[in-house]
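In order, the protein sequence lines correspond to chains G and Z.
In this text, residue positions in the first sequence follow the working numbering: the first is 36, and each later residue adds one.
In this text, residue positions in the second sequence follow the working numbering: the first is 36, and each later residue adds one.
Glycine included, every Cβ here is placed at the ideal spot set by N, Cα and C.
On a predicted model such as this, the values are computed, not experimentally measured, just so you know.
These notes are about the structure you will find just below.
There are 2 protein chains.
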Amino acid sequence: MNKTATTDLIANFIQSAIDASTEGFAELQRSALAEMFSCVPSQINYVLSTRFSPERGFSVESRRGGGGYIRIAKVHESARESVMNALDSLGDAADATAAETTLRNLSESGVLDKLTARMMIAATGNSALKSLEGEQRDQIRASILKHMLVSYVSE
Amino acid sequence: MNKTATTDLIANFIQSAIDASTEGFAELQRSALAEMFSCVPSQINYVLSTRFSPERGFSVESRRGGGGYIRIAKVHESARESVMNALDSLGDAADATAAETTLRNLSESGVLDKLTARMMIAATGNSALKSLEGEQRDQIRASILKHMLVSYVSE
DNA sequence: GCTTTTATAGTCAGGAATGGTCAAAAACAA
DNA sequence: TTGTTTTTGACCATTCCTGACTATAAAAGC
Numbered sequence: 036m037n038k039t040a041t042t043d044l045i046a047n048f049i050q051s052a053i054d055a056s057t058e059g060f061a062e063l064q065r066s067a068l069a070e071m072f073s074c075v076p077s078q079i080n081y082v083l084s085t086r087f088s089p090e091r092g093f094s095v096e097s098r099r100g101g102g103g104y105i106r107i108a109k110v111h112e113s114a115r116e117s118v119m120n121a122l123d124s125l126g127d128a129a130d131a132t133a134a135e136t137t138l139r140n141l142s143e144s145g146v147l148d149k150l151t152a153r154m155m156i157a158a159t160g161n162s163a164l165k166s167l168e169g170e171q172r173d174q175i176r177a178s179i180l181k182h183m184l185v186s187y188v189s190e
Numbered sequence: 036m037n038k039t040a041t042t043d044l045i046a047n048f049i050q051s052a053i054d055a056s057t058e059g060f061a062e063l064q065r066s067a068l069a070e071m072f073s074c075v076p077s078q079i080n081y082v083l084s085t086r087f088s089p090e091r092g093f094s095v096e097s098r099r100g101g102g103g104y105i106r107i108a109k110v111h112e113s114a115r116e117s118v119m120n121a122l123d124s125l126g127d128a129a130d131a132t133a134a135e136t137t138l139r140n141l142s143e144s145g146v147l148d149k150l151t152a153r154m155m156i157a158a159t160g161n162s163a164l165k166s167l168e169g170e171q172r173d174q175i176r177a178s179i180l181k182h183m184l185v186s187y188v189s190e
């Protein structure tokens, strides 16, 4: 079998901690986490910045020194608001990674269900647009994505 | 003795892995496969693009970096047929009307829910593709549609 | 109080571990 | 021979992991 990246294990652990909490946030110690997963402390920062970023709907606060901690909370935003923010942050052109990131974020924040997000990722992937090149490809991609998102929030 | 092409051996292996899985998809590592079949890693990409393409009813997702993988999924059997028929009748190019008609039909036959169909119509409308012209526009439209539909009916 | 020590966390650049693309060579089929 | 499919390798892109260095807060000593 294939080995799961440590980063994913840590992310799962943190997510579970948030889910299990009654306050809606997890308060953890960086060094303790690093010890638990046998990694260097800075990997925790990597996990936080790639998996619990503001774009993904999380807020992270921390404190250094004795008794220091990291607090990770899920931020709630209305679906419509999230989509509007996503639309705002998209320019006139978007590469495949940008489109996918946007969609994954919407999916993870519960705005789009997984299947829908995956369909949209397929629609905006390089494979679907492979006969286009460079700037034009990225422009069309952005256009398609925007049209889909607008359609999504238009009753 | 007649020697079977390595590509076919790899394709068979992947197919078996999908069939044997309970989740309906196989998650494999490119480098491990290459090692297993004593070929260069890029041959795996060749196998994927010639044997597990959307046209053949598969969707492929992957991730790079440590713990990276390739996930190959086969479409849902039930929805597959109507989608494949739709794709067959569309061909390599489709105008906006043809795309929309196809999607409305799929929506009415219950393969797609209304919202999803509407988003797909938005993605393939002339408005979304306005910077393209003529035959190219219709080809891209067909490609996008194909990728969305196959993705949608994949496991 | 002020300074020093200790206990945390943060940043960043680079190395390692994956997968992707493309074009050319080789093998095969018609 | 000629056209297609397979095989290969050089180069690229992305994600993860690590360690040296930095920053901040609390506690201890004065």
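Own chain, CB closer than 8 Å to Asp54 (chain Z), minus 5 neighbours either side, in chain order: There are no such residues.
Backbone CA spacing between Asp192 (chain G) and Arg176 (chain Z) [nearest angstrom]: Outside the shown range of chain G (36 to 190) lies residue 192 (chain G), about which nothing can therefore be said.
Through-space distance from Ser73 (chain Z) to Gly192 (chain Z), alpha-carbon basis: Examination of residue 192 (chain Z) is not possible in this model, given that chain Z is present from 36 through 190 alone.
Own chain residues within Cβ distance below 7 Å of His182 (chain Z), not counting five before or after: Non-local C-beta neighbours of His182 (chain Z) in its own chain, meaning closer than 7 Å and more than five positions away in sequence, comprise Pro89, ordered along the chain.
Ala121 (chain Z) CB to nearest heavy atom of the ligand MN below 6 Å: Ligands displayed in this structure: none; no statement on the ligand MN is therefore possible.
Between the CA atoms of Arg99 (chain Z) and Arg86 (chain G) - distance to the nearest angstrom: In a straight line, the C-alpha of Arg86 (chain G) is about 16 Å away from that of Arg99 (chain Z).
Span separating the alpha-carbon of Val118 (chain G) from that of Ala158 (chain Z): Val118 (chain G) and Ala158 (chain Z): Cα-Cα distance of roughly 16 Å.
Inter-stretch contact at 8 Å, needing at least 3 Cβ pairs: the region 140-151 of chain Z / the region 104-120 of chain G: Under the Cβ criterion (8 Å, minimum of three pairs), the region 140-151 of chain Z does not count as touching the region 104-120 of chain G.
Residue environment, Thr132 (chain Z), which counts as buried when at least 16 other CB atoms sit within 10 Å: Result: exposed.
Beta-ladder partner(s) of Val110 (chain Z), from DSSP: Under DSSP, Val110 (chain Z) takes part in a beta bridge, and its partners are Z:Ser189.
Beta-carbon gap between Arg139 (chain G) and Ser186 (chain Z) smaller than 7 Å: No, Cβ-Cβ distance for Arg139 (chain G) and Ser186 (chain Z) is not below 7 Å.
According to DSSP, residues forming a beta bridge with Glu96 (chain Z): Answer by DSSP bridge pairing, in chain order: Z:Arg106.
Reduced DSSP secondary structure (H/G/I, E/B, other) of Glu62 (chain G): If DSSP states are grouped into helix, strand and coil, Glu62 (chain G) belongs with the strands.
Nearest neighbour of Glu116 (chain G), chosen from G:Ala108, G:Leu167, G:Ser144, G:Ile107 [CA to CA]: Of the candidates G:Ala108, G:Leu167, G:Ser144, G:Ile107, the one whose C-alpha sits nearest the C-alpha of Glu116 (chain G) is G:Ser144.
Contact set for Ile105 (chain Z): own chain, Cβ-Cβ below 6 Å, skip 5 residues either direction: Excluding sequence neighbours, Ile105 (chain Z) sits near Leu63, Arg65, Ser97.
Three-way DSSP call (helix, strand, coil) for Thr57 (chain G) in this model: Reduced to three states, the DSSP call for Thr57 (chain G) is coil.
The alpha helix (DSSP H) enclosing Val82 (chain G), as first and last residue numbers: Start and end: 76-86.
Neighbour list for Leu211 (chain Z) in chain G, Cβ cutoff strictly below 9 Å: Outside the modelled stretch of chain Z, which goes from 36 to 190, sits residue 211 (chain Z), for which no answer is possible.
Short CB-CB distance (under 7 Å) between Ile179 (chain G) and chain Z: Yes, contact with chain Z.
With 16 other Cβ atoms within 10 Å as the buried cut-off, status of Thr42 (chain G): Buried.
Secondary structure of Glu168 (chain G), DSSP reduced to three states: In this structure, Glu168 (chain G) counts as coil in the three-state DSSP scheme.
Residues that Met183 (chain G) contacts on chain Z, provided the C-beta gap is smaller than 7 Å: Chain Z residues near Met183 (chain G): Met154, Ala157, Ala158.
Thr132 (chain G) at chain Z interface by Cβ criterion, 7 Å: Interface annotation, Thr132 (chain G): not in contact with chain Z, CB-CB separation never under 7 Å.
Within-7 Å CB hit, Glu190 (chain G) to chain Z: With a pLDDT of 49 at Glu190 (chain G), under the threshold of 50, the modelled position of that residue is not reliable, and no figure is offered here.
DSSP-derived helix/strand/coil call for Asn199 (chain G): Since the first residue shown for chain G is 36 and the last is 190, residue 199 (chain G) is missing from the structure and cannot be characterised.
C-beta contact flag for Val75 (chain Z) and Leu83 (chain Z) at 7 Å: Their beta carbons are not under 7 Å apart, which means Val75 (chain Z) does not touch Leu83 (chain Z) by this criterion.
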